[in-house]
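A.B. asks:
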Amino acid sequence: MTDEKISIKLESKVSEIGRLSEIVNEFGQNHQLTDDCLFAVNLALEEILINVIKHGYDNNSDREIQVRIWMSDDELRAEVEDDAPEFNPLELDAPDITKPLEEREIGGLGVHLVRTMMDRAEYKREGQKNILSIAKKGR
Amino acid sequence: MEITQERFAGKTVIHLDGSLDIGASEVLEKNLGSLIDSGEKTLIVDFAKLIYISSSGLRVFMTAANRLVAEKGSIALCGMNDQIKKVFEITGFTRIFSIFPTLADAVSA
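Line order of the protein sequences matches chains A and B. Counting from 1, one number per residue, gives the positions in the first sequence under the numbering used here. Counting from 1, one number per residue, gives the positions in the second sequence under the numbering used here.
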């Protein structure tokens with residue numbers, strides 16, 4: 001069953017991440033989603049938004065990011081849409097997680113978490129927009 | 001997220017309560033940075049009331065650990081819930097941090 005789709009318009013600043021998380025958690029309660037699902041989806045959305053804000057929009061805070069969340073059967077789905085230059089973060093190399101502390105790089109960990117914690121993550125370019133879609137079994 | 005600090009069995013313990021998202025990470029980074037600046041060499045961070053962490057939170061611990069190792073100090077983490085533990089496992093951070101089940105384990109290590 002697919003029911004309502006929630007659409008949230010965010011400003012391109014990191015303070016919006018907390019607001020989005022509250023909306024996702026309320027959506028999760030209304031749909032009886034597990035804590036594991038909500039943790040993972042909040043994490044994935046934070047990582048994706050930070051990438052868009054810092055890299056896509058180069059920290060410009062007057063741009064827009066559109067997030068949509070909905071249920072498809074027992075799966076929570078979300079899309080993050082921005083109009084930054086074309087960029088598919090899912091193509092980034094996986095970080096070497098076996099390196100010792102002093103050689104570790106923090107870059108790439110966020111995307112690695114998205115790829116690992118989501119059941120699916122897909123990128124597409126539509127017109128002038130980047131659209132990153134994620135899905136996670138919710139209950 | 002709330003950050004509180006105490007001396008426990010002669011060691012400095014930082015308790016985290018809430019969500020360590022990017023906003024909270026900036027505050028924690030300053031907090032740990034000033035502790036290390038002031039000469040603190042052994043830190044224990046208690047995750048018992050922490051419910052969320054993202055890669056920005058991981059970065060804070062990596063930065064602190066790098067500074068402490070350079071000064072022959074150490075940082076220990078304890079009390080993680082299963083979801084946060086999984087984030088540490090996925091990123092290989094369980095290999096580079098000393099992680100204890102409880103605060104008592106971390107203090108007595």
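Using N, Cα and C, we set each Cβ at its ideal position, and we do this for glycine too. Since the model is a prediction, treat every value here as computed from it, not as a measurement.
Go ahead and label His112 (chain A) buried or exposed: buried means 16 or more other beta carbons lie within 10 angstroms of its beta carbon, across all protein chains shown.
C.D. replies: In the first sequence, counting from the first residue as 1, residue 112 (chain A) sits at position 112. Buried: at least 16 other Cβ atoms inside 10 Å.
A.B. asks: Hey, could you find the ends of the alpha helix (DSSP H) Ala24 (chain B) is sitting in?
C.D. replies: Position 24 of the second sequence, counting from 1, holds the residue named residue 24 (chain B). Per DSSP, Ala24 (chain B) belongs to the alpha helix (DSSP H) from 22-37.
A.B. asks: With distances taken from CA atoms, which of A:Ile50, A:Val67, A:Arg63, A:Lys137 is nearest Gly57 (chain B)?
C.D. replies: Residue mapping note: residue 57 (chain B) aligns to position 57 of the second sequence, counting from 1. Nearest of A:Ile50, A:Val67, A:Arg63, A:Lys137 to Gly57 (chain B), Cα basis: A:Ile50.
A.B. asks: Report yes or no: is there a C-beta of chain A within less than 7 Å of the C-beta of Gln5 (chain B)?
C.D. replies: Position 5 of the second sequence holds residue 5 (chain B). No, because no Cβ of chain A sits closer than 7 Å to the Cβ of Gln5 (chain B).
A.B. asks: Once you ignore the five residues that flank Ser54 (chain B) on each side, which residues in its own chain have a CB closer than 6 Å to its CB?
C.D. replies: Within the second sequence, residue 54 (chain B) is the residue found at index 54, counting from 1. Cβ within range, chain order: Asp21.
A.B. asks: What is the rounded straight-line gap between the Cα of Gly108 (chain A) and the Cα of Glu86 (chain A)?
C.D. replies: The residue given as residue 108 (chain A) occupies position 108 in the first sequence. The residue given as residue 86 (chain A) occupies position 86 in the first sequence. C-alpha separation (whole angstroms): 18 Å.
A.B. asks: Taking Cβ positions, are Tyr57 (chain A) and Leu90 (chain A) nearer each other than 7 Å?
C.D. replies: Position 57 of the first sequence, counted from the first residue, corresponds to residue 57 (chain A). Position 90 of the first sequence, counted from the first residue, corresponds to residue 90 (chain A). No, they are not a contact pair.
A.B. asks: Which residues in chain A sit within 9 Å of Ile44 (chain B), going by Cβ to Cβ distance?
C.D. replies: Along the second sequence, one-based indexing puts residue 44 (chain B) at 44. The contacting residues do not exist; Ile44 (chain B) stays about 17 Å from chain A at best.
A.B. asks: Determine, using beta carbons only, whether Thr34 (chain A) comes closer than 7 Å to chain B.
C.D. replies: On the first sequence, residue 34 (chain A) is found 34 positions in, with the first residue counted as 1. Not closer than 7 Å to any Cβ of chain B, the Cβ of Thr34 (chain A) fails to qualify, so no.
A.B. asks: Compute the Euclidean distance between the alpha carbons of Gly92 (chain B) and Leu50 (chain B), then round it to the nearest angstrom.
C.D. replies: Numbered from its first residue, the second sequence carries residue 92 (chain B) at position 92. Numbered from its first residue, the second sequence carries residue 50 (chain B) at position 50. Taking the straight line joining both Cα atoms gives about 20 Å.
A.B. asks: Please report whether the beta-carbon of Thr91 (chain B) lies at a distance below 7 Å from any beta-carbon of chain A.
C.D. replies: For the purposes of this step, residue 91 (chain B) is taken as the residue at position 91 of the second sequence. Yes, because at least one Cβ of chain A sits closer than 7 Å to the Cβ of Thr91 (chain B).
A.B. asks: Does the segment 23-34 of chain A come within contact of the segment 69-85 of chain A, defined as at least 3 CB pairs closer than 8 Å?
C.D. replies: Contact holds: three or more Cβ-Cβ distances are below 8 Å.
A.B. asks: Using a threshold of 7 Å, state whether the C-beta atoms of Val60 (chain B) and Ile14 (chain B) are closer than that.
C.D. replies: Position 60 of the second sequence, counting from 1, holds the residue named residue 60 (chain B). Position 14 of the second sequence, counting from 1, holds the residue named residue 14 (chain B). No; because the gap between Cβ atoms is not below 7 Å, this pair is not in contact.
A.B. asks: Here's a check: name, in chain order, each residue in its chain whose Cβ is nearer than 6 Å to the Cβ of Ala78 (chain A), leaving out the five neighbours to either side.
C.D. replies: Numbered from its first residue, the first sequence carries residue 78 (chain A) at position 78. Excluding residues within five positions, the ones whose Cβ falls inside 6 Å are Ile69, Ile134.
A.B. asks: What in chain A is Cβ-close to Asn66 (chain B), meaning under 7 Å?
C.D. replies: Numbered from its first residue, the second sequence carries residue 66 (chain B) at position 66. In chain order: Leu101, Glu102.
A.B. asks: Determine whether the beta carbon atoms of Thr63 (chain B) and Glu40 (chain B) lie at a separation below 7 Å.
C.D. replies: Position 63 of the second sequence, counting from 1, holds the residue named residue 63 (chain B). Position 40 of the second sequence, counting from 1, holds the residue named residue 40 (chain B). Result no, Cβ atoms of Thr63 (chain B) and Glu40 (chain B) do not sit closer than 7 Å.
A.B. asks: Ile69 (chain A) touches chain B at which residues, Cβ-Cβ below 7 Å?
C.D. replies: By 1-based counting over the first sequence, the position of residue 69 (chain A) is 69. Residues of chain B passing the Cβ test: none, with the nearest at roughly 18 Å.
A.B. asks: Which residues in chain B have a C-beta closer than 9 Å to the C-beta of Ile50 (chain A)? List them in chain order.
C.D. replies: One-based indexing of the first sequence puts residue 50 (chain A) at position 50. What Ile50 (chain A) touches in chain B: Ile22, Ser54, Ser55, Ser56.
A.B. asks: Is there a Cβ from chain B that is less than 7 Å from the Cβ of Ile17 (chain A)?
C.D. replies: Along the first sequence, one-based indexing puts residue 17 (chain A) at 17. Closer than 7 Å to some Cβ of chain B, the Cβ of Ile17 (chain A) qualifies, so yes.
A.B. asks: In angstroms with no decimal places, state the Cα-to-Cα distance between Asn59 (chain A) and Leu28 (chain B).
C.D. replies: For the purposes of this step, residue 59 (chain A) is taken as the residue at position 59 of the first sequence. For the purposes of this step, residue 28 (chain B) is taken as the residue at position 28 of the second sequence. Going from the Cα of Asn59 (chain A) to the Cα of Leu28 (chain B) covers about 21 Å.
A.B. asks: Using three-state DSSP, classify Phe39 (chain A) as helix, strand or coil.
C.D. replies: As a position in the first sequence, residue 39 (chain A) is number 39, starting the count at 1. Phe39 (chain A) falls in the helix class under three-state DSSP.
A.B. asks: On a CA-only basis, which of A:Asn88, A:Ile8, A:Gly28 is nearest Leu76 (chain A)? Give me that one, please.
C.D. replies: By one-based count along the first sequence, residue 76 (chain A) stands at place 76. Closest by alpha carbon: A:Gly28.
A.B. asks: Can you give the beta carbon distance from Glu2 (chain B) to Gly18 (chain B), rounded, assuming they're within the 8 Å contact cut?
C.D. replies: Within the second sequence, the letter at position 2 stands for residue 2 (chain B). Within the second sequence, the letter at position 18 stands for residue 18 (chain B). That belief holds up - the Cβ atoms of Glu2 (chain B) and Gly18 (chain B) are roughly 6 Å apart, short of 8 Å.
A.B. asks: For the beta strand (DSSP E) containing Glu141 (chain A), list its first residue and its last residue.
C.D. replies: Here chain A has residues from 1 to 139 only, and residue 141 (chain A) is not among them.
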